[in-house]
Structures are given as structure tokens and as C-alpha cells.
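Undergrad: 249 is the number that our numbering gives to position 249 of the sequence shown; each next residue is one higher, with no gaps. Backbone N, C-alpha and C define an ideal beta-carbon position, used for all residues, glycine too. Since we're looking at a predicted model, the values are computed, not measured. Submitted below is the structure of interest, expressed as C-alpha cells.
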Amino acid sequence: MSYEFRDTTDLTDHNESLPSEAFSIDGLYPEIELSEIRYRTLQVIGREELTYDLYKADSIYGVDGEALINKRLPGRELTIKFRIVTQTAVEFATAYRKLKGFLVGNHRQIKFDDEPNLVYVGTLSAMDSPEPGQVRGTNTFTFFCDDVHPKSVDTKVLNATNSGGVNGSIVANEDGSVTVNVINQGTLETYPQVKVTHTSDNGFVGLVSPESVVQMGSIEEILINNKTTEKVKYKSAWLLNEKRGNNTNFKDFANSKDTNPQNEKLETDGTIAFKKDGLRLTALGSPPVYGSYLTMGGLKKFTIPADENKESGARFFSSYMNILAWAGKMGQTGLLQVLYMTSANKLICGFGIYKDDSKGNTANAQYYIGGNTQRTFHNFKFPANNAESNQKPNNKNKNFNSSKGGVTITKSAGGKFKWSLTDTSQSLTVPELDSAKVSHIYVYIGQLKGRTISTNHFMSNIVLRGLSFRKDDVAMYFDETTDVETIIPANPHHYGEGEVLLVDMGSAKVFKKDGSIPGNDELITGSEFFSIPPGESSFDLFFSDEMTTLPDIEISWKERFL
Numbered sequence: 001m002s003y004e005f006r007d008t009t010d011l012t013d014h015n016e017s018l019p020s021e022a023f024s025i026d027g028l029y030p031e032i033e034l035s036e037i038r039y040r041t042l043q044v045i046g047r048e049e050l051t052y053d054l055y056k057a058d059s060i061y062g063v064d065g066e067a068l069i070n071k072r073l074p075g076r077e078l079t080i081k082f083r084i085v086t087q088t089a090v091e092f093a094t095a096y097r098k099l100k101g102f103l104v105g106n107h108r109q110i111k112f113d114d115e116p117n118l119v120y121v122g123t124l125s126a127m128d129s130p131e132p133g134q135v136r137g138t139n140t141f142t143f144f145c146d147d148v149h150p151k152s153v154d155t156k157v158l159n160a161t162n163s164g165g166v167n168g169s170i171v172a173n174e175d176g177s178v179t180v181n182v183i184n185q186g187t188l189e190t191y192p193q194v195k196v197t198h199t200s201d202n203g204f205v206g207l208v209s210p211e212s213v214v215q216m217g218s219i220e221e222i223l224i225n226n227k228t229t230e231k232v233k234y235k236s237a238w239l240l241n242e243k244r245g246n247n248t249n250f251k252d253f254a255n256s257k258d259t260n261p262q263n264e265k266l267e268t269d270g271t272i273a274f275k276k277d278g279l280r281l282t283a284l285g286s287p288p289v290y291g292s293y294l295t296m297g298g299l300k301k302f303t304i305p306a307d308e309n310k311e312s313g314a315r316f317f318s319s320y321m322n323i324l325a326w327a328g329k330m331g332q333t334g335l336l337q338v339l340y341m342t343s344a345n346k347l348i349c350g351f352g353i354y355k356d357d358s359k360g361n362t363a364n365a366q367y368y369i370g371g372n373t374q375r376t377f378h379n380f381k382f383p384a385n386n387a388e389s390n391q392k393p394n395n396k397n398k399n400f401n402s403s404k405g406g407v408t409i410t411k412s413a414g415g416k417f418k419w420s421l422t423d424t425s426q427s428l429t430v431p432e433l434d435s436a437k438v439s440h441i442y443v444y445i446g447q448l449k450g451r452t453i454s455t456n457h458f459m460s461n462i463v464l465r466g467l468s469f470r471k472d473d474v475a476m477y478f479d480e481t482t483d484v485e486t487i488i489p490a491n492p493h494h495y496g497e498g499e500v501l502l503v504d505m506g507s508a509k510v511f512k513k514d515g516s517i518p519g520n521d522e523l524i525t526g527s528e529f530f531s532i533p534p535g536e537s538s539f540d541l542f543f544s545d546e547m548t549t550l551p552d553i554e555i556s557w558k559e560r561f562l
């Protein structure tokens, strides 16, 4: 369907009002941004286009018609007819180049003034060529939208604050479950995000809709055979629970003057202590009397406690840390490391933040590994800002800002290591470290040689805000007469107080800890993600019986339209 525009304006007027079918790209109107070339939108075609690709088959021989197998909507094309007015052919060619520069780019957000709550996402796919010598006239360009359906500009949110309003309601049931009633005012199904913020320990989260179930966490392990001849099985146990920004998380961290095992030229005569939101450097200490050095700083040591069997060391583990790396001024520097050590004080693995840019604001994330060749095996640069709204998308500190900061390191059988961050992960296999057990963890924070911890020199925020450690090889001993069902119960403390579980139905992904760490390993076999239909619908959430208080629940979604 076409949207006709009747032009009643004088072509000599540079300040024409926006047409009724005016559109913006990423919030910018071409009539305003390209006013010097007198650009004007005349007509829009494609918004109401609805042509299905039909998949058909022949009917039974002798019967008229065809059998419809399925149908689908192909991508949408939005064609815009426009006018440019110039004085010369040279000016017209220049104007055309300016228009192309304004339109190019992938997945641009396109909004029309007569549909202010809808956004199309498109990429420039075609643009007519002007006639030779043309100085004014009309032409067209086309955007291809691979997602044929426009979405609402704003994200709809349902939580405890607005429950009972236009978006639906959240109802706590007597059996400890929660029913979420959603009002989707779009014309199509949509894929919500479900955010569960725990207010007490919990072992299990189940989301049950009429079409499928998503289950995460710890459930009772039941083998096919009621009896087993195995002598030992293994389970996981948290030996250090992360409490972000809480001093109790670090109460068992002792000051240490040990040599830094990652680099002996990182001096440890200073001190680090809990300040405001985590472990921070409080004193540099004295420089060495002899020998060279690279940094001065402090070291803390956390000894992994023995498990329930009084066995020390963890061969397989998962450890989560939360780091803030945000420089308050250009040129600030600093170093933070978390190092996982054997009882012989040999490095197994670690992670660090290092900023030596004394003029700008570029920092480095470093991945450490031990073994036969101890080294920094991976490094990436990032801007040490706080991902402020005025920062360009490609210049935001996505991993270590005030709202994120999560890093998870895991070690599994065969010497397999994995580092997981908000938007990236790295894996490495080091066979000689397969049997290595973590005995203790070092935390080091330091400043570069020749620089102080004043605000002019030291990073305003280079902080370890939280650390947790889960041992994944805690032995369970039993004999052949033991009923397995009673040996491997669910863990009611799988999710701790304050932990966030985010389920993104659209991407089929789960995020854990602070809601940013990839967590699809939490999914229980058989889980299937689901959508919510247009109109009113509901789904339920279930939790462990041992959970003492209901979590905070928030559902968010974009409305989609045909």
C-alpha cells in the first residue's frame, strides 16, 4: 500500500515542515540533517505489505485445488520516494553522495511519525541512480528488513511495582509458586526475558507455560537402577559464597607478603583492604632496596577450606569474580590480579586487569595460565569508562562497569579451562594441569613504578567487589547396598541470596550470577524456551521447597506487529 504525499510547498523555501509520512533513522530526520540539499520524503511503500510464501502440494488425484503445507512471510522491503532540489548538476551529485552517506549502515532503526511507537530495523539495499545532468527531481531508495515484523519502541515491563496494571499481574500462590499473567498488546507472539533476583537461597527455578517448560538449577539425581556398585560419586559444594560489595565476602582473606607468582617483579609490600564496595589498594609499601621492579602494591591470600570430607584442594572448580575497572581521569593506571595456586605455590590460572596507558583511557584484560609454559595466553583491550550513555556503542566498557563486572573461570577434566565474561569467552586445554588442585587464591592490586595512588595517577576504581569458589569434585562414599536416591539430593543453596537468573526466551540463553554470565549449563535436560501469545496469557514459576522468601520477578518484552 502506498502513502501518497501531495506537495503544496514552494521549492524555494528551505524551512519546509516535516511531511506527514516523515521518518527518522536512528533518531535523525533526513529533512533536518540534509536540509542544505532540500531533501523531502514524498511517499512510503511497503509498511502494509503482506504477501506470504506458500508451500503447497497437489491434492488427491481428481480433486480440485491444492493442499497448503505451510506459509511464511519473507523479509520486508520499505521503499521511500524522495525529492532533492539543487541549482547545478554538480551540486546534485554531491547531494546524492551525502544522502547515501546518511542512509548506509547495517540494521538501522527506522521510525515513522504516524506510527510513533513502532520501529523497523533495516539495511539500505537499493538506491536509484539519478539522470545525467539532473538538478532536481524524485528518486527512490529501499531498506530491507530481515525481521519482517516491526516492534514497539519501548520495552514493556511487568514487576512487583506495576503488577495489576496494563501489562498484567504477578501473583504469589499458597503453595510457594508464582503465577505471571501477561497482557501482550501486540498482534504477534513475543519472546520475553524473565529475571529472577533471589532474596534467599534457592536450589531450583522452573518456568512452566502451556506450551513448554524451562528448568534450571539443582534437582535430585536419580539413576535408572535403584542400587549401585559404584564406591564413589562426586558433587559440587560452594566453599566461598560471593556477596558483592560486602566485607563478609573477604573476612577470611589474609594479608600476605609472598612473592607474586605471576611475576616476581610485582612488589607486595603494600596493603589492600575492603573500602566502600570491595578490595582496594590502600598503601604502596616501600620499594625494594635491591633489584628492579615493575609495580608496587598489596597481596591478600584466601586458603580454600577443606570440604565436608576434610579433604583439601579442588581439582575441578568454578570461580566467579566481580571486578570494577573504571578510571575517573585520563592517564590513570593500575593492576588487579586474581590468581589460583597449588599447595606448592605454583600458578594454575588467573585473570587480571592492567592499565599502563598514562595518557589515554585504554586498559587490558589478561588471561593467565600455568603449567610447563606459564604465560599470559590471551589479552584484549577495552575503554576504562563506566559505559555511560554518552559513550559511543563501540567505546563502552561492557564488562567491568558499575553494573556488570562478572568473570567466571572453570576447570574440568583433562586440564580444560574456560574464562567467561559478559560478551566473550575463551577456552584452553593444558593437559599437564589436569591433576593440579587449587589450594589458595591470591588477590593482587598494584600501581606502576614511579606513580602514586593519588587521583592524578591511580585508577579511581580498580576493585574486586566479590569472589566465589565452588569445588566440583567433592567425594561421596557409599557401598553397593546404598539407595542412590538418598545419596544425591538436590542442593537447596545452588543459588545464593542476591543472585540473578535471567532467561532470554528470544535468544534461548540463560545468564547467571549478576545476570550477565552465560549460564546455559544451568538448564536441566528437556527444557524448551517459549513465547507469549498476543492478548492475555499466563505462566508459572516454581522454586525449591526450602526457599524461605520469594524472589523478585521481572518480565520484559517488545510488542511485535504483523
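#1: In its own chain, which residues sit with a C-beta less than 7 Å from the C-beta of L284, not counting the 5 before and 5 after it?
#2: I'd like to check one pair, V214 with S537: are the Cβ atoms closer than 7 Å?
#3: Can you tell me which of T455, T376, N385 and I272 puts its alpha carbon nearest to the alpha carbon of D426?
#4: Are the beta-carbon atoms belonging to I441 and Y340 less than 7 Å from one another?
#5: For K265, which option in L281, P288 and N386 has the closest C-alpha, if you only look at C-alpha atoms?
#6: How would you write the range of the beta strand (DSSP E) that G217 sits in, first residue to last?
#7: What is the rounded straight-line gap between the Cα of S420 and the Cα of G405?
#8: Is L118 helix, strand or coil when you go by DSSP?
#9: Over what stretch of residues does the alpha helix (DSSP H) that includes I32 continue unbroken?
#10: Counting only the same chain and skipping the five closest in sequence on each side, list residues whose C-beta sits under 6 Å from that of R38.
#11: Below 8 Å, can you find three or more Cβ-Cβ pairs linking the stretch 42 to 50 to the stretch 89 to 106?
#12: In chain order, what residues of the same chain have a beta carbon less than 8 Å from the beta carbon of T12, not counting five sequence neighbours either side?
#13: Which one or two residues does DSSP pair with F204 in a beta bridge?
#14: Which residue from V182, G165 and G122 puts its Cα closest to that of E535?
#15: Taking the C-alpha atoms as reference points, what is the distance between S209 and D434?
#16: What residue range is occupied by the uninterrupted beta strand (DSSP E) comprising F561?
#17: Less than 8 Å between the CB atoms is what I'm expecting for W326 and N386, so what's the real figure, rounded?
#18: Since K100 is in the alpha helix (DSSP H), which residue starts that stretch and which ends it?
#19: Below 8 Å, how does it come out for the stretch 154 to 162 and the stretch 547 to 556: are there three or more Cβ pairs, yes or no?
#20: Measuring only the C-alpha atoms, how far is T525 from E308?
#21: Roughly how many angstroms separate the alpha carbons of S35 and R83, rounded to a whole number?
#22: Could you tell me whether the Cβ atoms of T190 and R560 are closer together than 7 Å?
#23: Can you check which of these residues, K300, D201 and N322, is closest to S256 by C-alpha distance?
#24: Please work out which residues of its chain come closer than 7 Å, Cβ to Cβ, to D147, disregarding the five sequence neighbours upstream and downstream, and give them in chain order.
#25: Within 10 Å of its beta-carbon, does I222 have 16 or more other beta-carbons around it, so buried, or fewer, so exposed?
#26: Give the secondary structure of M547 by DSSP, where H, G and I count as helix, E and B as strand, and everything else as coil.
#27: Please work out which residues of its chain come closer than 6 Å, Cβ to Cβ, to S125, disregarding the five sequence neighbours upstream and downstream, and give them in chain order.
#28: What residue from Y320, I462 and T333 has the CA that sits closest to I409's CA?
#29: When DSSP labels each residue in this structure, what does D521 get in the three-state scheme?
#30: Give the straight-line distance between the Cα atoms of R97 and A22, rounded to the nearest whole angstrom.
#31: Could you check which residue in G164, S177 and S152 has the C-alpha nearest to that of D545?
#32: Using a threshold of 7 Å, state whether the C-beta atoms of K355 and G331 are closer than that.
#33: Hey, quick one: how far does the beta strand (DSSP E) through G334 stretch, first residue to last?
#34: Under three-state DSSP, which class holds L433?
#35: Quick one: give me the first and last residue of the beta strand (DSSP E) that F274 is part of.
TA: Taking the definition as stated:
#1: G270, M296, G297, Q447 and I453
#2: No, these two residues do not count as a Cβ contact at 7 Å.
#3: Checking the displayed sequence, the identity of residue 426 turns out to be Gln instead of Asp. Taking only the C-alpha atoms, the option nearest Q426 is T376.
#4: yes
#5: P288
#6: V213 to G217
#7: 11 Å
#8: strand
#9: P30 to E33
#10: V85
#11: no
#12: Because T12 carries a pLDDT of 38, less than 50, the predicted location of this residue cannot be relied on, and no value is offered for it.
#13: The partner list for F204 (beta bridge, DSSP) reads G217.
#14: This sequence places Gly at residue 535; Glu is not what is there. Taking only the C-alpha atoms, the option nearest G535 is V182.
#15: In this structure, the straight-line span from the alpha carbon of S209 to that of D434 is close to 42 Å.
#16: Membership of F561 in any beta strand (DSSP E) is not indicated, and neither H nor E is assigned to it by DSSP.
#17: Contact flag correct, Cβ pair sits at about 5 Å.
#18: A89 to L103
#19: Counting Cβ pairs under 8 Å, three or more are found: they touch.
#20: Taking the straight line joining both Cα atoms gives about 28 Å.
#21: A straight line joining the alpha-carbon of S35 with that of R83 spans about 12 Å.
#22: yes
#23: K300
#24: V121
#25: Residue placement at I222 cannot be trusted, given a pLDDT of 43 that sits under 50; the coordinates are not used to answer.
#26: coil
#27: T142 and F144
#28: When only C-alpha atoms are compared, the closest one is Y320.
#29: Helix.
#30: 21 Å
#31: Out of G164, S177 and S152, S177 has the C-alpha closest to the C-alpha of D545.
#32: By the CB criterion at 7 Å, K355 and G331 fall outside the cutoff.
#33: G334 to M341
#34: helix
#35: L266 to K275
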